[in-house]
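The numbering of the sequence shown is this note's numbering, which starts it at 18 and goes up by one. We treat Cβ as the ideally placed atom computed from N, Cα and C, and that holds for glycine. These numbers come from a predicted model, not from an experiment. For reference, the structure discussed in these notes is given below.
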Amino acid sequence: MSSTKKQIKVCPKCGDKKYNLFNHEGKLRAKLCSCFICYECDGEGRTFHQDDKGMAFLADCSFCFSFRKRLRLLNDSGIPGKFSNATLEIYQPIGLQNKKALSRAKDFLDDFRISPKQSCRGLLFMGGPGLGKTHLVVSILKQLILEEEVHGKFVDFFQLLSDIRHGYSHDQSEMSLIEPYLNSSVLVIDELAKGRNNEWEQTILDQFISSRYNAADKITLFTTNYSDRCSTSNDKNGRITSLQKQSLEEKVGDRILSRLAQMCDFIKMEGEDYRTKIKPPPRIIHQKN
Ligand SMILES: [Zn+2]
Ligand SMILES: [Zn+2]
């Protein structure tokens, strides 16, 4: 074998993905990597096309345009920066239920790739905190945006409520804050039912769910710390170790729960909060002789 062939080097910055993701002031940001060269237009950004009469004209290079558009969509998605590295590949499920949840997330993406119009049914990941529910939905959303050029948004519902309250005192209409989310093709609603759920919060939630429910071509992915019914966990001596005082139905009401059930599949996750399992490194104590 001749070794004269040039070795193809993989870009150390992006691993040849041609973009880099990073956390900028708490938001996920995507940037073209310096190794990006478009072979369609040699970096000019425009290529010659022909109209119906055979006349040549210059127009945007479709490859560059689409690539940059995907990065722009990701920058506008509102995904928190701490998920810049989140992918389904790095998610490590503990326990059968969480393995099933991962496999459901992968199936969802496969179905979408085969037939985006057919897979309008969303997913609702439910279970205690620290099981990686948000990791799973964000990984799905990132992949849909970067690979399928989907117009997707992430909303922390609790934060949105606070933004709406703030908007009232600055003459900003509630609709101007809500609309970008309602119009997105794929929407992630994180931490559904977090908050006090007073009448006003319930009205906003109802507006969200009704709008997404009525839009036949839109997909909504949810996470919630609440289960569809009250649950308890016991230790080996039968003592109750954790108790979920309220169910999702009690938090959102039976009307919204029934709509959720029609819009998406409920996926239960279980186990211990991985964040409480991360132990600090052992301290090295230097003993004096
Ligand atoms: Zn690169
Ligand atoms: Zn190009």
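* Cβ-heavy atom distance between Lys35 and ligand 1 below 7 angstroms? -> By 1-based counting over the sequence shown, the position of residue 35 is 18. Yes, ligand 1 has a heavy atom inside 7 angstroms of this Cβ.
* Tell whether a beta-carbon distance below 8 angstroms holds between Leu153 and Leu119. => Position 136 of the sequence shown holds residue 153. Position 102 of the sequence shown holds residue 119. Yes, Cβ-Cβ distance for Leu153 and Leu119 is below 8 angstroms.
* Residue environment, Thr258, which counts as buried when at least 16 other CB atoms sit within 10 Å -> Taking the sequence shown and counting its residues from 1, the one referred to as residue 258 is at position 241. Because the pLDDT at Thr258 is just 49, under 50, the model does not fix this residue reliably, and the value given afterwards should be weighed accordingly. Flag for Thr258 reads exposed.
* In this structure, does DSSP put Lys310 in helix, strand or coil? -> Coverage of the chain is limited to positions 18 through 306, which leaves residue 310 absent and any answer about it impossible.
* Alpha carbon to alpha carbon, how far is Ile96 from Leu45? -> Taking the sequence shown and counting its residues from 1, one reaches residue 96 at position 79. Taking the sequence shown and counting its residues from 1, one reaches residue 45 at position 28. Spanning the two alpha carbons is a distance of roughly 6 angstroms.
* To do: Please state whether DSSP places Cys81 in a helix, a strand or coil.
  => Start at 1 with the first residue of the sequence shown, and residue 81 comes out as number 64. Looking at Cys81 - three-state DSSP - the assignment turns out to be helix.
* Whether Lys150 touches Thr237 by CB criterion (8 angstroms) -> The count along the sequence shown starts at 1 and reaches residue 150 at position 133. The count along the sequence shown starts at 1 and reaches residue 237 at position 220. Taking 8 angstroms as the Cβ cut-off, Lys150 and Thr237 do not qualify as a contacting pair.
* Does DSSP put Leu148 in a helix, in a strand, or in coil? -> Along the sequence shown, read from residue 1 onward, the residue named residue 148 stands at position 131. The answer is coil: DSSP assigns Leu148 none of H, G, I, E or B.
* To do: Measuring alpha carbon to alpha carbon, tell me which of Asp207, Asp33, Gly212, Ser228 ends up nearest Cys50.
  => Counting from 1 along the sequence shown, the entry for residue 50 is found at position 33. If we check each option's Cα against that of Cys50, Asp33 comes out closest.
* To do: Between the Cα of Phe82 and those of Cys31, Gly147, Phe53, spot the shortest distance and give me the residue it belongs to.
  => On the sequence shown, position 65 is the one that residue 82 refers to. The residue with the shortest Cα to Cα distance from Phe82 is Phe53.
* Asked: Which residues have their C-beta within less than 5 angstroms of a heavy atom of ligand 2, listed in chain order?
  -> Cys55, Glu57, Cys58, Cys78, Phe80, Cys81
* **the stretch 162 to 173 in contact with the stretch 84 to 91 per 3-pair CB rule at 8 angstroms** => yes
* To do: Kindly examine ligand 1 and report whether one of its heavy atoms sits closer than 7 angstroms to the Cβ of Lys48.
  => Mapped onto the sequence shown, residue 48 falls at position 31. No, since every heavy atom of ligand 1 falls outside the 7 angstroms radius drawn around the Cβ of Lys48.
* Asked: When you compare each of Arg138, Thr104, Gly62, Gly145 to Met280 by their alpha carbons, which one comes out closest?
  -> Numbered from 1 along the sequence shown, position 263 holds the residue referred to as residue 280. For Met280, the nearest C-alpha among the options comes from Arg138.
* beta-carbon Lys30 near ligand 1 non-hydrogen atom, thresh 7 angstroms -> Within the sequence shown, the letter at position 13 stands for residue 30. Flag set: Cβ of Lys30 near ligand 1.
* Between Leu178 and the rest of its own chain, which residues show a CB-CB distance below 7 angstroms, the 5 nearest in sequence each way excluded? -> Position 161 of the sequence shown holds residue 178. Only Gly212, Glu218, Ile221 meet the Cβ criterion.
* To do: Within the same chain, show all residues whose beta-carbon is closer than 7 angstroms to that of Ile157, passing over the 5 residues directly before and after it, in chain order.
  => Residue numbering aside, residue 157 sits at position 140 when the sequence shown is read from its first letter. Ala122, Phe125, Leu126, Leu238, listed in sequence order.
* Return yes when at least one heavy atom of ligand 4 lies under 7 angstroms from the C-beta of Cys52, else no. => Among the ligands modelled here, namely ligand 1 and ligand 2, ligand 4 does not occur.
* For Asp173, which residues from the same chain have a beta carbon less than 7 angstroms from its beta carbon, with the 5 sequence-adjacent residues on both sides left out? -> In the sequence shown, the residue the question calls residue 173 occupies position 156. Within the same chain, Asp173 has close Cβ partners Asp207, Glu208.
* To do: Look at the alpha carbon of Glu264 and the alpha carbon of Asn115, and state the distance between them as a whole number of angstroms.
  => Indexing the sequence shown from 1 puts residue 264 at position 247. Indexing the sequence shown from 1 puts residue 115 at position 98. First, the amino acid is wrong: residue 264 is Ser here, not Glu. If you take the alpha carbons of Ser264 and Asn115, they lie about 20 angstroms apart.
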